[in-house]
Every structure is written in C-alpha cells, then in structure tokens.
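Each step along the sequence shown adds one to the number in my numbering, with nothing skipped, and position 273 is 278. Written below as structure tokens is the structure these notes are about.
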Amino acid sequence: MGVFFGTDGIRGVAGEPPLDGDDIYRIGYCLTRRVGAAHPGPRLLIGRDTRESGPWIEKLLCGAIEAAGGVAHVCGVISTPAVSLLTQKAAAQAGIMISASHNPYQDNGIKIFSSEGMKFSDSVEEELEKEILACTLHSSNGSGCNPGAVPFQLSAQADCLQVYTRYLLSCLAPGFSLAGMRMVVDCANGSMSQIAPSFFSGLGADVHAIHCRPDGRNINLNSGALHLGSLQQEVRQQSADVGIAFDGDADRVMFVDSEGRIHDGDDVLYLLARYSGPGDAPKVIVGTVMANLGLEVALEKIGFRLVRTAVGDRYVLEEMLRLGAAIGGEQSGHVILARLSRTGDGLLTALKVLEILSREQHDFATLCSPVQRFPQVLLNVKVREKIPFENIPGLRQLETACKEKLGTHSRILLRYSGTEKLARVMVEGQDKAVVDECAQLLADLFRR
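The structure is reproduced here in structure tokens:
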C-alpha cells in the first residue's frame, strides 16, 4: 500500500495525515488536474456520509477543485454506490465519496470513482499518489481540522436522490411490491438513514427502522453491518420476516432471517446465482479469498464455478469484467451486480434479495440451506511491522505442517491488513478442533 491509497481509497483519522487540511486540498487539486487534462473544466461530484468531519472535508475539496479549474457538484449525504451511479449519469469526469465506510466516526476517507463509476486501478492510484506527494500547495484553512467551522447538515440534494432511487426502481420487475412483508432496517446512523426506511415503505413493506438518527458521531456505533446483535433482537421482538443492516456508506449489506440467524455475502451470492441466474453470462461467481469453502461446494452442485480474488470489491469487479461474470462480491456484504452497478450497492442488493424471497415464497434460511459452512477461524494479530512472510523464521514450515493436519478441503490464508498493522490469519477445514488449533499456532508465531 502507498502513503495515501489503501485497499479502499484513502482512509485515516480526520484532521491527521493523510486527511489533514493540506493533504485533502492537494488530493482534490491533483485529482482535478489529472481528469482535467483530457476534459478542460472537469465536473466532479462529491458525496459524503454522516460523520461530523464530512462537511469541512467537502468544503476543502470544493475549494481545491475550483482552484484547479474544475466544477464541484455537491450531492450532500448519500451512499457510496449512489456517487458511483451519479458520476456516470451526470457524465462527470470523476466522483468523490467522503467516507470511512464501517470505521468509527473519528476516521474518514476519500473514495474516488472514474467517469465510468469504477474505482481507480492500482496503477492510476500510484500515478495520482506521486502527483499528490510532489504537490506543495497549502489549503487556506491550514492543516488542522475545525468541524465547527462548517454547518453540519444531514440531507441529500433532492435531484441526486431522485436520480438514484428512480434507477433502483427501474432495476425491479414491473409492479414489484413488498406488501405484507415485515422488516427491520438498521441504517448504522449512516448514509441510508434518510433513504432506506421510506424507500422500503414506498414499496409496501411494514418497516421498523433502527439506528437512523445520525448526530455526526454515532455512525456505525454498535450498529449496522458489523454489529448485528440489536438487529437480531429487534427481528425477534417484531416478529419480522427479515432484518437488513447497512454499513455507514451503504456499499455493503447483511441480513438476519426470521429466527435471528445472520446471513452474509456468501449466502447472498448463492441466492443470486441459484434464483436470479447469470442470464447469458458465464456460470461463474467471483468472490474473494475469504469466501467459505461451503459456498464453493454449494455452487458446484448447481453448475457454477467460484473464482477468487484478493480482498477488495474493486478486485472483484475487475475480475468480473475480465470473465464476463454477472455476479460477484465479498463475504463482508459487498455484492456487485455488474449489469446494474459498478460497485457494491447495499440497497440494490437488498432489493434483489427481497425479490427472490417474495417470488420463491420461502424464508432466507430455507433458500440458503444448501450452503453448509466449513468451520472457519479468522484471527487478527497486532504486528510492529509488516515483514514479508518469507522472512519470518518457521512460518512456512508451520503452515505446511498445519495443512497436513487439516487434510483436503481446507485452506490457510495469511495476509496483512491494508489499513492497519495487523496480520490476518484465516484457517478453514472440516474439523473445527483442528481448525482452531492451527489458527492459534499460526497466530502465536506472529505474536512471538
């Protein structure tokens, strides 16, 4: 990873490098100059989630864009996939989403989309990063952060929201209705708070909304796609048919069935493959190295092949486009429907899942029952530095010994986090006791 760009754009603590005032200004300025080289007077769209730092970052970016000869169109509080879509629909030269996704409110980030609504490739990010590092401009506000200097607003621009929601409706079957469906919707006090509850209600659903009152500091706080406990409880208490949870910028979604059981991106990929089908696309589903072996086995039984990529929805999309695949995504809830979107869209994914539940007249658990999960353990170990695995004494020998213990139908995945000083140890196999033992052995080696 570079100085600025990680696995999903630029991310850090708001007000500190690489998200202090000067760096933000340089990012906006250099991005505008880059896209403006081929399109003088470029238009750039800016959206943000509900973090208190969003408005002042937005103001800095607008100033930088204008200084570089561009035009900034502010979308207000809206989702990441909406910015991707609007960038294409408005024929803008780039789109910017101010968000740190599922991170706590102290963090923020900058996600950048090309005119095609796709995240920049590694090579383009590397070139842009060199330009940012070489830039010596300073923002007029200095390098500090001052959230109180810009009014905190929580609404989307009406025209932007209408374009996005109309597009979503066009992706549904004519006359589609959620009448008779009772659901609980957790918006993580994020981008979907002012959008999803009314949207689902407009389709006829009986909606009980939770965590839909953002205050700038409660985004993702014990809520949303990474914290499903309260959603499980509310689904049971409300006797709901389904629970839906978004993360802060709504590019991912997780589900809870009527019994309170969690269903993640692996379940959704299976549902979409089996009940929506790829049309005339190859019978290939693109997942990541984190996809459970149980998904791979279940897909094979219905004639689909699972292709794995590195973690990151942009890598999934790149492979989907290369293979011509229609469906792909991550276990974490990023799901991409390549014929409808160029990034993970939590609301669109939820709608397509609800279409299947309504059409098949079965609950989530029944439809997903063929996906029998293999025991999987993921451990995060703090490290001082990210030493290449080949240089860690005894690691490869231990990995080989663990593979022998685990036997066939098993996997070991070792990788470093793209945004934190963490080693991630994932072990998967048929025997849970052996999986637990091997995961601990590998984690202990990193700790030592």
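Where is the CB? At the ideal position from N, CA and C, for every residue including glycine.
Taking a 10 Å sphere around the C-beta of residue 195, we find 16 or more other C-beta atoms and assign the residue as buried.
Residue range 369 to 373 is occupied by the alpha helix (DSSP H) that includes residue 373. If you ignore the 5 residues before and after residue 229, its C-beta comes within less than 8 Å of the C-beta of 107, 191, 192, 193, 194, 195, 216, 250, 251, 252, 253, all in its own chain and listed in chain order.
For residue 428, the pairing in a beta bridge is given by DSSP as 386, 421. Taking 7 Å as the cut-off, the beta carbon of residue 88 is found no closer than this to the beta carbon of residue 75.
The shortest C-alpha to C-alpha distance from residue 12 to any of 22, 440, 116, 404 is the one to 116.
Per DSSP, the unbroken alpha helix (DSSP H) holding residue 94 starts and ends at 85 to 94.
The residues 262, 264, 266, in chain order, have a CB closer than 7 Å to that of residue 370 in the same chain once the five nearest residues on each side in sequence are set aside. According to the DSSP assignment, residue 315 belongs to no beta strand (DSSP E), since it is labelled neither H nor E. The criterion of a C-beta distance shorter than 7 Å is not satisfied by residue 382 and residue 428. Taken in chain order, the complete beta strand (DSSP E) segments of 3 or more residues contained in the stretch 314 to 358 are 332 to 334, 340 to 342. Only exposed fits residue 175, as fewer than 16 other CB atoms lie within 10 angstroms of its CB.
Rounded to the nearest whole angstrom, the CA to CA distance from residue 422 to residue 337 is 15 Å. Burial state of residue 60 is buried, judged by a 10 Å Cβ sphere holding 16 or more other Cβ atoms.
Within its own chain, the residues whose Cβ lies closer than 6 Å to the Cβ of residue 448, once the five positions on either side in sequence are excluded, are 384, 386, 430, listed in chain order.
In this structure, residue 33 lies near residue 70, with their beta-carbon atoms less than 7 Å apart. For residue 401, the enclosing alpha helix (DSSP H) begins and ends at 400 to 411. In this structure, the beta-carbon distance from residue 9 to residue 22 does not fall below 7 Å. If you compare the alpha carbons of 407, 299, 359 with that of residue 185, the shortest gap goes to 359. In the three-state reduction of the DSSP assignment, residue 138 falls in the helix class, which pools H, G and I.
In this structure, the CA atom of residue 133 is about 38 Å from the CA atom of residue 282.
Residue pairing for residue 416: DSSP places it in a beta bridge opposite 433. Around the beta carbon of residue 335, 16 or more other beta carbons lie within 10 angstroms, which makes this residue buried. Scanning the stretch 230 to 314 for uninterrupted alpha helix (DSSP H) segments of 4 residues or longer gives 234 to 242, 270 to 280, 298 to 306, listed from N- to C-terminal end. Using a Cβ distance threshold of 7 Å, residue 377 and residue 299 count as a contacting pair.
For residue 15, the uninterrupted beta strand (DSSP E) run begins and ends at 14 to 18, by DSSP.
Put simply, the backbone Cα of residue 65 is about 16 Å away from that of residue 48. CA-CA distance, residue 237 to residue 231, rounds to 12 Å. 280 is the residue among 111, 51, 280, 240 whose C-alpha sits nearest the C-alpha of residue 363. In this structure, 222 is the residue among 413, 356, 222 with its C-alpha nearest to the C-alpha of residue 104. By the Cβ neighbour-count rule, residue 167 is exposed, with fewer than 16 other Cβ atoms within 10 Å of its own. The beta carbon of residue 207 sits closer than 6 Å to no other beta carbon from its chain once the five residues preceding and following it are set aside. For residue 375, the closest of 200, 306, 411 by C-alpha to C-alpha distance is 306. If one requires a minimum length of 3 residues, the beta strand (DSSP E) runs lying completely within the stretch 157 to 222 are 187 to 191, 211 to 215, in chain order. The beta carbons of residue 323 and residue 312 sit about 12 Å from each other, so the pair does not count as a contact at 8 Å. In the three-state reduction of the DSSP assignment, residue 27 falls in the helix class, which pools H, G and I.
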